[in-house]
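Peer 1:
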Amino acid sequence: MTAQAPDLRSVRARRTLWENTRRTLASAPFSAWFGMIVILIYVIAAIFAPWLAPYGEAEVVGKAYQPAGGEFFLGTDQIGRDLFSRLIYGARNTIGIAFVTTLLSFAIGGTLGVLTALKRGWLDQAISRVVDAFLAIPVLIFALMLLAVAGKSIINLVLILALLDSTRVFRLARATALNVVVMDYVEAAKLRGEKMGWIIFKEVLPNILPVLITEFGLRFCFVFLTIAALSFLGVGIQPPTADWGSMVAESKTLITFPVRTFPWIPAPFYPAMAIALLTVAINFVVDWFLHKTSGLRDEK
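In structure tokens form, the structure reads like this:
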């Protein structure tokens with residue numbers, strides 16, 4: 001019986017976690033459910049793009065500007081590539097690169113923010129002044145300049161945007177961590193002789209995690225839109241790689257194209273709507289998550 005006790009406790013813990021998760025999701029508003037469903041669809045499209053897309057990412061399968069319907073669900077682009085297939089592959093490229101960039105920016109900015117909040121002194125002042133200098137320059141203009149110097153590649157794009165966005169993460173992580181490091185339990189951990197890693201991951205990080213998760217969703221949207229803007233300007237993700245921003249740029253002249261060629265919606269609106277829908281969906285989920293973690297009650 002004693003040998004089975006840990007297993008029983010783990011089963012009860014998993015059951016309790018599942019019940020809490022189920023109740024939380026059941027109480028989610030319609031906007032949050034809409035956002036989660038949209039995000040799930042985008043994630044499935046990004047992961048299974050090679051199996052969902054009817055044609056290859058850069059495969060020329062027809063004539064230029066063939067109409068929507070029939071063989072080509074959304075028509076073809078300026079060189080005869082299937083727009084629907086490129087829209088699906090664009091989910092993998094745009095979302096994947098934005099997600100990796102946001103993770104890297106949080107790894108840099110979050111780590112430095114919590115560390116400076118604990119250390120203070122000259123380290124805090126030095127990093128804060130460097131961050132202030134970066135914050136004084138608009139991200140899009142600075143990214144354009146750095147990409148022009150470093151070269152147009154996905155690695156350069158990820159590193160530059162992660163570095164620039166980490167300054168925003170640093171400010172938030174430092175501000176929230178400063179409110180935690182003065183608490184009695186953190187002081188008690190220091191007096192016990194706990195190491196810096198223990199204090200960060202056991203005492204500080206769990207208490208600022210909801211704020212960081214919320215900020216992660218918002219920063220992902222900003223990075224996602226910045227990548228699309230840079231691709232639209234021609235310095236982001238380079239062709240023939242499918243990207244929603246570059247797809248808008250490639251087909252922007254079709255806004256005035258005869259309606260008979262694209263009977264539903266002009267071609268540039270498909271990737272533009274994909275960008276807008278994902279941004280709105282993430283903001284719905286982030287708003288709900290922030291409301292749940294803040295302890296506020298729903299108004300009756």
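Sequential numbering of the sequence shown, starting at 1, is according to the UniProt record's numbering.
Just so it is clear, CB atoms sit at the ideal spot from N, CA and C, and this is done for glycine as well.
Less than 7 Å separating the beta-carbons of A49 and I88?
Peer 2: Result yes, Cβ atoms of A49 and I88 sit closer than 7 Å.
Peer 1: Ends of the alpha helix (DSSP H) at V38?
Peer 2: It spans 30–47 - the alpha helix (DSSP H) in which V38 sits, taken as one unbroken run.
Peer 1: Would you call the CB atoms of I160 and A228 closer than 7 Å?
Peer 2: In this structure, A228 does not lie closer than 7 Å to I160 by Cβ.
Peer 1: Are the beta-carbon atoms belonging to G245 and F224 less than 7 Å from one another?
Peer 2: Not a contact, by the Cβ cut-off of 7 Å.
Peer 1: Report yes if the CB atom of T167 is closer than 7 Å to the CB atom of V211, and no otherwise.
Peer 2: It is not a contact, given that the beta carbons lie outside the stated cut-off.
Peer 1: Which residue's Cα is closest to the Cα of K252: D132, A272, Q238, L218?
Peer 2: When only C-alpha atoms are compared, the closest one is A272.
Peer 1: Mind reading off the beta-carbon distance from R219 to D287? Whole number of angstroms is fine, and I expect it under 8 Å.
Peer 2: Going by Cβ atoms, the distance from R219 to D287 rounds to 15 Å, so no, they are not a contact pair.
Peer 1: Verify whether the separation of the beta carbon atoms of L104 and A150 is less than 7 Å.
Peer 2: It is not a contact, given that the beta carbons lie outside the stated cut-off.
Peer 1: Please determine if the segment 199–208 and the segment 110–124 are in contact, where contact requires at least 3 C-beta pairs separated by less than 8 Å.
Peer 2: Output reads yes: the segment 110–124 touches the segment 199–208.
Peer 1: Go through its chain and collect everything with a Cβ distance to A148's Cβ below 8 Å, but skip five positions before and after it.
Peer 2: So the list reads V235, once near-sequence residues are dropped.
Peer 1: Expressed to the nearest angstrom, what Euclidean distance is found between the alpha-carbon atoms of R92 and A32?
Peer 2: So the two alpha carbons sit approximately 23 Å from each other.
Peer 1: Should M247 go down as buried or exposed, given a rule of 16 or more other Cβ atoms within 10 Å for buried?
Peer 2: The residue is buried, with at least 16 neighbouring Cβ atoms inside 10 Å.
Peer 1: So which of A173, F216, F269 has the shortest CA-CA distance to I282?
Peer 2: Closest option to I282, Cα to Cα, is F216.
Peer 1: Return the CA-CA distance between V43 and A53, expressed in angstroms with no decimal places.
Peer 2: Their Cα atoms are separated by approximately 14 Å.
Peer 1: Take the Cβ of P45 as the centre, count every other Cβ of all protein chains shown within 10 Å, and call the residue buried at 16 or more, exposed below.
Peer 2: Correcting the residue type first, residue 45 is Ala in the shown sequence and not Pro. Burial call: buried.
Peer 1: Does DSSP put F72 in a helix, in a strand, or in coil?
Peer 2: Note: F72 maps to strand in three-state DSSP.
Peer 1: Please report the distance separating the alpha-carbon of F142 from that of T94.
Peer 2: For F142 and T94, the distance between alpha carbons rounds to 20 Å.
Peer 1: By the three-class DSSP mapping on this structure, what secondary structure does D287 have?
Peer 2: Residue state, collapsed to three classes: helix.
Peer 1: So, under 8 Å CB-CB, V204 and V180 are touching, yes? Tell me the CB distance rounded to an integer number of Å.
Peer 2: Rounded, the Cβ-Cβ distance is 5 Å, consistent with contact.
Peer 1: Can you tell me which residues form a DSSP beta bridge with R81?
Peer 2: Paired residue(s): V60.
Peer 1: Going by beta-carbon coordinates alone, are V158 and V100 separated by less than 7 Å?
Peer 2: Yes, the pair counts as a contact, with Cβ atoms nearer than the cut-off.
Peer 1: Excluding the 5 residues preceding and the 5 following T214 in the sequence, name in chain order all residues of the same chain whose CB lies nearer than 8 Å to its CB.
Peer 2: Answer for T214: V286, F289, L290, T293, listed in chain order.
Peer 1: Would you tell me roughly how many angstroms separate the C-alpha atoms of T241 and K195, rounded to the nearest one?
Peer 2: When rounded, the distance between both Cα atoms is 46 Å.
Peer 1: When burial is assigned at 16 or more other CB atoms within 10 Å of the CB, is Y65 buried or exposed?
Peer 2: It counts as buried.
Peer 1: Please say whether G90 and D243 have beta carbons closer to each other than 7 Å?
Peer 2: Yes, the pair counts as a contact, with Cβ atoms nearer than the cut-off.
Peer 1: Classify Y89 as helix, strand or coil using the three-state DSSP reduction.
Peer 2: In this structure, Y89 counts as helix in the three-state DSSP scheme.
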